[in-house]
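Below you'll find the structure, written out as structure tokens, and then a few comments.
Chains as they are written, first to last, in my numbering: chain A, 80 to 320; chain G, 449 to 806.
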């Protein structure tokens with residue numbers, strides 16, 4: 080399988096404080112890749128550097144063979160930020176079509192995509208409401224729909240299921256699986272929920288700006304002789320010290 | 449005890465916000481100092497051209513603090529070209545006065561002095577005085593001169609505040625960062641901001657100008673579209689200033705705090721209080737205030753009926769101001785995260801517009 084994303088010797092520092100320390104990571108085409116770690120471990124910074132909105136202090140990121148940052152590359156990336164970046168004065172539909180219209184898309188196609196994305200996150204009936212009236216979970220779902228709306232090859236989702244009820248969470252994961260299987264999309268997900276990590280093809284454990292371990296959930300469990308990922312995480316953390 | 453806890457928390461919060469503290473204690477001092485200098489400024493002696501005046505008359509006038517310039521012959525053009533407050537021509541004992549009337553209160557004071565001196569010289573039998581005005585007439589009120597300044601001020605004020613807060617919201621809510629994760633180019637964002645707010649600035653300008661002229665009957669000798677163009681340029685300056693300062697604010701509240709620092713001083717410098725006769729450093733300071741140039745241009749068009757070509761020299765100073773802003777902007781952006789660098793570009797866009805204006 081080809082590498083969709085290749086990260087080499089990537090470091091990021093704000094002033095003297097190092098947030099990421101010499102990260103190396105290869106993410107294959109068509110896999111669901113999980114970045115697991117506690118908050119403050121550098122997951123979000125790493126994800127932002129893959130998208131190209133945060134610059135690297137050192138090292139490189141390549142996405143689909145192109146060096147980040149690259150504007151044309153962004154046509155192929157769907158990004159969902161950790162904080163919902165929405166316009167509360169506009170309706171859900173207006174938010175969706177605003178973001179969709181920033182991408183190269185045909186008018187007819189645009190309409191279909193908006194309908195598809197809204198349907199996927201079960202927001203079709205609420206699209207006419209102003210986002211200010213949305214609940215936290217609804218905002219999260221709208222953000223996910225926005226990340227999907229231009230049919231990107233790569234999806235980068237920063238804690239997509241926070242504040243979403245269990246039932247919808249299951250349906251979102253089911254949909255992510257379908258996107259991977261049927262459309263061959265590469266999906267990067269950050270989470271600190273271990274049972275979500277189980278659903279990923281491969282995971283990287285992030286802690287204090289470094290990668291502790293990379294592998295499939297089963298591989299990691301075998302390597303560390305652990306019963307579940309939680310234990311792997313603790314074990315790997317201890318080894319790192 | 450609960451109240452005490454609340455008091456403690458409120459004080460702690462305020463103490464943490466250093467900028468609010470500074471504003472609370474020092475902004476009134478700055479504004480008061482400015483007002484002190486403005487209202488205590490020595491008023492400059494009005495310069496009056498005199499044709500055919502006798503020696504005692506001129507001495508009497510100079511004693512009444514009128515700066516008398518004797519001419520052999522002079523007409524209305526002389527007043528404007530030599531920057532005089534008025535012209536007194538004495539023919540066969542009758543007085544003919546022409547007043548420039550650029551500032552009605554100066555004119556009124558000058559006319560009163562001339563009348564008094566004429567009466568004294570005449571020894572009880574006062575000569576007849578005929579009065580003419582170059583701009584406006586004897587009914588010209590303070591508001592007629594103030595009006596054009598206020599028109600400019602409101603355009604400046606609201607565009608500054610709304611554009612600043614608009615960008616601030618975009619930045620704080622994370623949507624600006626989210627936008628940068630889409631293929632949109634930075635200059636496209638800047639152009640969109642300028643155009644989006646610019647359209648509302650145009651509408652506001654048109655409404656304000658027409659209301660002032662049609663309903664309030666403000667004096668309007670020049671061309672309406674010249675007024676609109678000047679206000680548009682001013683709106684662009686306000687737009688870039690608002691956008692720039694919003695990068696230094698972390699909340700709407702902090703944006704509002706810029707009003708006493710940035711907006712109020714401009715009112716004083718805009719010429720509501722005549723700047724001639726002020727301390728030199730105050731006059732020099734006014735040269736870097738965008739509102740000074742805009743107000744002067746608006747007064748020239750609305751009150752004196754001049755055209756755009758007559759006032760095209762004005763914006764040079766404003767451009768210097770913008771240049772300074774951009775240099776500072778550039779410096780600040782070096783240290784700020786990449787997302788804010790977007791607005792460096794606004795410098796070039798605005799410089800372009802400013803270039804057109806000059």
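Ideal Cβ positions, reconstructed from N, Cα and C, are used throughout, including at glycine.
If you're wondering where the values come from, they're calculated on a predicted model, not measured in any experiment.
1) Let me confirm a value: residue 537 of chain G is counted as buried when at least 16 other C-beta atoms fall within 10 Å, else exposed. Which label applies?
2) Give me, in chain order, the residues of the same chain whose beta-carbon lies closer than 7 Å to that of residue 790 of chain G; leave out the 5 immediate sequence neighbours on both sides.
3) So which residues of chain G does residue 158 of chain A contact, with C-beta pairs closer than 9 Å?
4) Could you check whether residue 646 of chain G and residue 703 of chain G sit closer than 9 Å to each other, using their CB atoms as the reference points?
5) Any idea if residue 752 of chain G is buried or exposed, counting beta-carbon neighbours within 10 angstroms, 16 or more meaning buried?
6) Sorted by chain position, which residues of the same chain lie with C-beta nearer than 6 Å to residue 289 of chain A's C-beta, five sequence neighbours on each side aside?
7) Considering Cα atoms alone, identify which of G:715, G:750, G:731 and G:481 is closest to residue 605 of chain G.
8) Can you pull the DSSP bridge partners for residue 497 of chain G?
9) Whole angstroms are fine: how far does the CA of residue 551 of chain G sit from the CA of residue 661 of chain G?
10) Using a Cβ-Cβ cut-off of 6 Å (strictly less than) and excluding sequence neighbours within five positions of residue 319 of chain A, which residues of its own chain qualify?
11) Given residue 196 of chain A, which residues of its chain have a CB within under 6 Å of its CB, disregarding the five upstream and five downstream residues?
12) Listed in chain order, which residues of the stretch 130–154 of chain A have Cβ atoms closer than 8 Å to some Cβ of chain G?
13) Classify residue 301 of chain A: buried if its beta carbon has 16 or more other beta carbons within 10 angstroms, exposed otherwise.
14) Mind listing which residues of the stretch 694–710 of chain G have their C-beta closer than 7 Å to chain A's C-betas, in chain order?
15) Since residue 752 of chain G is in the alpha helix (DSSP H), which residue starts that stretch and which ends it?
16) How about residue 621 of chain G: is its C-beta nearer than 9 Å to some C-beta of chain A?
17) Give the residues from the stretch 175–188 of chain A that approach chain G closer than 8 Å (Cβ to any Cβ), ordered along the chain.
18) Tell me the rounded alpha-carbon separation between residue 642 of chain G and residue 682 of chain G.
19) Going along chain A, which residues have a C-beta under 9 Å from residue 633 of chain G?
20) For residue 496 of chain G versus residue 470 of chain G, is the C-beta spacing smaller than 9 Å?
21) Below 8 Å on the Cβ atoms is my contact criterion, and I expect residue 88 of chain A with residue 144 of chain A to pass it. Report the Cβ-Cβ distance as a whole number of Å.
22) Using the C-alpha atoms, what's the distance from residue 467 of chain G back to residue 98 of chain A?
23) Anything in the stretch 303–314 of chain A with a Cβ closer than 9 Å to a Cβ of chain G? List those residues in chain order, please.
24) Measure the Cβ-Cβ separation of residue 107 of chain A and residue 265 of chain A and say whether it is below 9 Å.
25) Does the contact criterion of 3 or more C-beta pairs under 8 Å hold for the stretch 617–629 of chain G versus the stretch 719–738 of chain G?
26) How should residue 462 of chain G be labelled, buried or exposed, when 16 other C-beta atoms within 10 angstroms of its C-beta is the threshold for buried?
27) Run through DSSP, which three-state label would residue 553 of chain G get?
28) Indicate whether at least one CB of chain G lies closer than 9 Å to the CB of residue 162 of chain A.
29) Measuring straight from C-alpha to C-alpha, what distance separates residue 695 of chain G and residue 564 of chain G?
30) Where DSSP assigns a beta bridge to residue 237 of chain A, which residues make up the other side?
31) Terminal residues of the continuous beta strand (DSSP E) containing residue 529 of chain G?
32) Using a Cβ-Cβ cut-off of 6 Å (strictly less than) and excluding sequence neighbours within five positions of residue 786 of chain G, which residues of its own chain qualify?
33) Would you list the one or two residues that DSSP bridges to residue 168 of chain A?
34) Do you know whose CA, among A:269, A:240, A:275 and A:209, lies nearest residue 167 of chain A's CA?
35) Looking only at its chain, what residues have a beta carbon closer than 8 Å to the beta carbon of residue 504 of chain G, apart from the 5 residues adjacent to it on each side?
36) For the alpha helix (DSSP H) holding residue 91 of chain A, just list the boundary residues, first then last.
On the basis of the data shown:
1) Numbered from its first residue, the second chain carries residue 537 of chain G at position 89. The residue in question, residue 537 of chain G, is buried, as its Cβ has 16 or more Cβ neighbours within 10 Å.
2) The sequence position of residue 790 of chain G within the second chain is 342, counting from 1. Bear in mind that a pLDDT of 40 at residue 790 of chain G, under 50, signals an unreliable position, so the number given afterwards is only what the model happens to contain. Only 634, 637 and 638 meet the Cβ criterion.
3) Within the first chain, residue 158 of chain A is the residue found at index 79, counting from 1. 626, 629 and 630, listed in chain order.
4) Working through the second chain from its first residue, we reach residue 703 of chain G at position 255. Working through the second chain from its first residue, we reach residue 646 of chain G at position 198. Not a contact, by the Cβ cut-off of 9 Å.
5) Indexing the second chain from 1 puts residue 752 of chain G at position 304. With 16 or more Cβ atoms within 10 Å of its Cβ, residue 752 of chain G is classed as buried.
6) One-based indexing of the first chain puts residue 289 of chain A at position 210. Cβ within range, chain order: 100.
7) Your numbering for residue 605 of chain G matches position 157 in the second chain. Answer by Cα proximity: G:715.
8) Counting from one through the second chain, the residue named residue 497 of chain G turns up at place 49. G:517 and G:535.
9) Sequence index remark: in the second chain, residue 661 of chain G carries index 213 (1-based). Sequence index remark: in the second chain, residue 551 of chain G carries index 103 (1-based). Distance between the alpha carbons of residue 661 of chain G and residue 551 of chain G is about 19 Å.
10) Taking the first residue of the first chain as 1, we reach residue 319 of chain A at position 240. Closer than 6 Å at the Cβ level, and outside the excluded window around residue 319 of chain A, lie 291.
11) On the first chain, position 117 is the one that residue 196 of chain A refers to. For residue 196 of chain A, where only same-chain residues beyond five positions count, the Cβ hits under 6 Å are 224, 227 and 228.
12) 130, 131, 132, 133, 134, 150, 151, 153 and 154
13) Here residue 301 of chain A refers to the residue found at position 222 of the first chain. Label assigned to residue 301 of chain A: exposed.
14) none
15) In the second chain, residue 752 of chain G corresponds to position 304, counting from 1. Element bounds for residue 752 of chain G: n/a, residue is neither H nor E.
16) In the second chain, the residue the question calls residue 621 of chain G occupies position 173. Closer than 9 Å to some Cβ of chain A, the Cβ of residue 621 of chain G qualifies, so yes.
17) 178, 181, 182 and 183
18) Indexing the second chain from 1 puts residue 642 of chain G at position 194. Indexing the second chain from 1 puts residue 682 of chain G at position 234. Those two C-alpha atoms are separated by around 13 Å.
19) Against the second chain, residue 633 of chain G aligns to sequence position 185. Simply 150.
20) As a first step, residue 496 of chain G must be located in the second chain, where it is residue number 48. As a first step, residue 470 of chain G must be located in the second chain, where it is residue number 22. No; because the gap between Cβ atoms is not below 9 Å, this pair is not in contact.
21) Numbered from its first residue, the first chain carries residue 88 of chain A at position 9. Numbered from its first residue, the first chain carries residue 144 of chain A at position 65. Going by Cβ atoms, the distance from residue 88 of chain A to residue 144 of chain A rounds to 18 Å, so no, they are not a contact pair.
22) In the first chain, residue 98 of chain A corresponds to position 19, counting from 1. In the second chain, residue 467 of chain G corresponds to position 19, counting from 1. C-alpha separation (whole angstroms): 29 Å.
23) none
24) Residue numbering aside, residue 107 of chain A sits at position 28 when the first chain is read from its first letter. Residue numbering aside, residue 265 of chain A sits at position 186 when the first chain is read from its first letter. Yes, they are a contact pair.
25) no
26) For this step, residue 462 of chain G is matched to residue 14 along the second chain. With fewer than 16 other Cβ atoms within 10 Å, it is exposed.
27) Residue 553 of chain G sits at position 105 when you count from the first residue of the second chain. Three-state result, residue 553 of chain G: helix.
28) Here residue 162 of chain A corresponds to residue number 83 of the first chain, with the count starting at 1. For residue 162 of chain A, the answer is yes, since a Cβ of chain G falls inside 9 Å of its Cβ.
29) Translated into positions along the second chain, residue 695 of chain G becomes position 247. Translated into positions along the second chain, residue 564 of chain G becomes position 116. Between residue 695 of chain G and residue 564 of chain G, the C-alpha separation is close to 58 Å.
30) Numbered from 1 along the first chain, position 158 holds the residue referred to as residue 237 of chain A. Per DSSP, A:269.
31) What you label residue 529 of chain G is simply residue 81 of the second chain in a count that begins at 1. Residue 529 of chain G -> not in any beta strand (DSSP E); alpha helix (DSSP H) instead, spanning 524–529.
32) Taking the first residue of the second chain as 1, we reach residue 786 of chain G at position 338. Low confidence applies here, because residue 786 of chain G scores a pLDDT of 39, under 50, leaving its location unreliable and the question unanswered by this model.
33) By 1-based counting over the first chain, the position of residue 168 of chain A is 89. DSSP, once it has assigned bridges, lists no residue as partnering residue 168 of chain A.
34) For the purposes of this step, residue 167 of chain A is identified with residue 88 of the first chain, where counting begins at 1. If we check each option's Cα against that of residue 167 of chain A, A:209 comes out closest.
35) Within the second chain, numbered from 1, the residue matching residue 504 of chain G stands at position 56. Correct list, in chain order: 569.
36) Working through the first chain from its first residue, we reach residue 91 of chain A at position 12. That residue, residue 91 of chain A, is in no alpha helix (DSSP H); its beta strand (DSSP E) goes 82–93.
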